[in-house]
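J.: These protein sequence lines are chains V and B, in that order. Heads up: the first sequence at position 79 corresponds to 79 in the working numbering, and the numbers run straight through without jumps. Heads up: the second sequence at position 98 corresponds to 1098 in the working numbering, and the numbers run straight through without jumps. Ideal Cβ positions, reconstructed from N, Cα and C, are used throughout, including at glycine. Please find one structure pasted underneath; my questions will follow.
There are 2 protein chains.
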Amino acid sequence: MSGTSQAVNLAEKLAQFSERWAPRTVATYNGHDVMVVKVDGEFTWHSHPDSDDFFLVLKGELDIELRDRVVRLRPGEMFVVPKGVEHRPAARTGEVEILLIEPTGAPNTGDPATAARRIVI
Amino acid sequence: MSGTSQAVNLAEKLAQFSERWAPRTVATYNGHDVMVVKVDGEFTWHSHPDSDDFFLVLKGELDIELRDRVVRLRPGEMFVVPKGVEHRPAARTGEVEILLIEPTGAPNTGDPATAARRIVI
């Protein structure tokens, strides 16, 4: 799969599942997976040694906790965590829907042992 | 610049300019520019031999014309044109606001002679 064969409606994709912290791949772009995910509560502290980490909030409010500060993201706001920088996404005010971009095959936790498996929808 | 230093509010970035077909870089991600752009009317037919082309519509309605069909995108809908595939973006019902991702330094028309210059905001 390279690119997409048709328009991808992000809300429709998000309506197809309710599981949290389980990203769904909706497109590929230059060796990356474009994913939607629903989250609530805290993720784990982690970093990606070889990749930046892209977040665009679609619904809800997400904190990207860094070791020295917190970046709060509301719908229509994005943030790119530079590669190697430790961070912890946290949804502290209810469920959040996010568009993520990560290199295809990269573990979302930075560690293959704890990473979510790839699911394409 | 790698990543972003703070939250990027896409609507606020778009409110900073009115020029059309002049993408503004709002973040970088793994060697790519993440850009917002306002468009109206037709772009030129072009392709990118070495890169997919990422479009996410934020406002308005955008047609991605391919040689054999048209993919219509409304707000919250995205499309990735596979590398090498000829396409012509066209906004036929008024101004459209788009989130784009392209490799940093790549000409947006596929041709350095006609490409927009890079503007970071």
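#1: In or out: B:S1018 buried (at least 16 other Cβ within 10 Å) or exposed?
#2: Select from the region 1028-1046 of chain B all residues with a C-beta closer than 8 Å to any C-beta belonging to chain V, and list them in chain order.
#3: Measure the Cβ-Cβ separation of B:P1103 and B:A1115 and say whether it is below 8 Å.
#4: For V:P43 versus V:R88, is the C-beta distance shorter than 8 Å?
#5: Once DSSP output is grouped into helix, strand and coil, what is the label at V:K83?
#6: Can a CB atom of chain D be found closer than 8 Å to the CB of V:V96?
#7: 8 Å is my cut-off, CB to CB: does V:F17 come that close to chain B?
#8: What number of angstroms, rounded off, separates the C-alpha of B:P1082 from the C-alpha of V:V39?
#9: Do we get a CB-CB distance below 8 Å when we pair V:A90 with the residues of chain B?
#10: Counting only C-beta atoms, is B:T1004 closer than 8 Å to chain V at any point?
#11: By alpha-carbon positions, which one of V:L62, V:H48, V:I119 and V:R117 ends up nearest to V:G94?
#12: For V:A27, which three-state DSSP category applies?
#13: Kindly list the residues whose CB is nearer than 6 Å to the CB of V:W21, restricted to its own chain and excluding five residues on each side of it in sequence; keep chain order.
#14: List the residues of chain B whose Cβ lies closer than 8 Å to the Cβ of V:E77, in chain order.
#15: Just the chain B side, please: which residues come within less than 7 Å of V:I101 by C-beta, in chain order?
#16: Under the three-state reduction of DSSP, which class applies to V:A91: helix, strand or coil?
#17: What residues from the region 45-73 of chain V come within 7 Å of chain B, judged by C-beta to C-beta, listed N to C?
#18: Using the Cβ count rule (16 or more neighbours within 10 Å means buried), how would you classify B:G1005?
#19: Along the chain, where does the beta strand (DSSP E) containing V:E65 start, and where does it finish?
#20: With a Cβ-Cβ cutoff of 8 Å, do V:D53 and V:V34 count as a contact?
#21: According to DSSP, what are the bridge partners of B:I1119?
T.: The short version:
#1: exposed
#2: T1028, Y1029, N1030, H1032 and V1034
#3: no
#4: Per the sequence shown, residue 43 of chain V should be read as Phe rather than Pro. Yes, they are a contact pair.
#5: coil
#6: Among the chains of the structure shown, chain D does not appear; the protein chains present are V and B.
#7: Interface flag for V:F17 against chain B is unset, since no Cβ pair is found closer than 8 Å.
#8: 30 Å
#9: no
#10: yes
#11: V:L62
#12: strand
#13: V39
#14: A1007, V1008, N1009 and L1010
#15: Y1029
#16: strand
#17: The region 45-73 of chain V vs chain B, Cβ under 7 Å: S51, D52, F54, V71, R72 and L73.
#18: Per the sequence shown, residue 1005 of chain B should be read as Ser rather than Gly. It is exposed - the Cβ of B:S1005 has fewer than 16 other Cβ atoms within 10 Å.
#19: L62 to L66
#20: By the CB criterion at 8 Å, V:D53 and V:V34 fall outside the cutoff.
#21: B:R1024
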